[in-house]
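Notes follow the structure.
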Amino acid sequence: ITNVLAMAERKGRITPTQSDAFIADLSKLGIERDNEAPDRAFTHLLVLCRRHRLTSYDAIYLELAIRRSLPLATLDDDLRKTARKLGVDLLG
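In my numbering, the protein residues as written are 3 to 94.
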């Protein structure tokens, strides 16, 4: 999320004030942090990156969806294709 906001600010798509407001709204959602992901970074995530030519950003979201049997929300065509191939449900 931070990377997306930083890139959008850099490209002039949003202002720092808008980013701050978005982060404030996110904090109200009670998002649960996944503490297992760091332990999987050099095993499961790297395998997904290699096997499916994913970025580490994409691989971590895909791995979480697989591990927790959750649907994945993404607009990235390559990630959607890989998720479908691996049997992950997609939102949207």
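Ideal Cβ positions, reconstructed from N, Cα and C, are used throughout, including at glycine.
1. Going by beta-carbon coordinates alone, are L77 and L64 separated by less than 8 Å?
2. Let me make sure I understand the geometry here. Which of D79, A85, I3 and L66 has the alpha-carbon closest to that of S29?
3. According to DSSP, L74 sits in a beta bridge with which residue or residues?
4. Is the CB-CB distance between R86 and L92 below 8 Å?
5. Give a yes or no on whether the C-beta atoms belonging to H54 and T84 are separated by under 8 Å.
6. Whose CA, out of A67, S71 and D60, lies closest to the CA of D80?
Inspection of the coordinates gives the following:
1. The residue labelled residue 77 in the question sits at position 75 within the sequence shown. The residue labelled residue 64 in the question sits at position 62 within the sequence shown. No, the pair does not count as a contact, with Cβ atoms beyond the cut-off.
2. To locate residue 29, count along the sequence shown from 1; it is residue 27. Considering only D79, A85, I3 and L66, the residue with the shortest C-alpha distance to S29 is I3.
3. By 1-based counting over the sequence shown, the position of residue 74 is 72. In DSSP, L74 forms a bridge with L92.
4. Numbered from 1 along the sequence shown, position 84 holds the residue referred to as residue 86. Numbered from 1 along the sequence shown, position 90 holds the residue referred to as residue 92. Yes, the pair counts as a contact, with Cβ atoms nearer than the cut-off.
5. Within the sequence shown, the letter at position 52 stands for residue 54. Within the sequence shown, the letter at position 82 stands for residue 84. Yes, they are a contact pair.
6. The residue you call residue 80 lines up with position 78 of the sequence shown. The residue from A67, S71 and D60 with its alpha-carbon nearest to that of D80 is D60.
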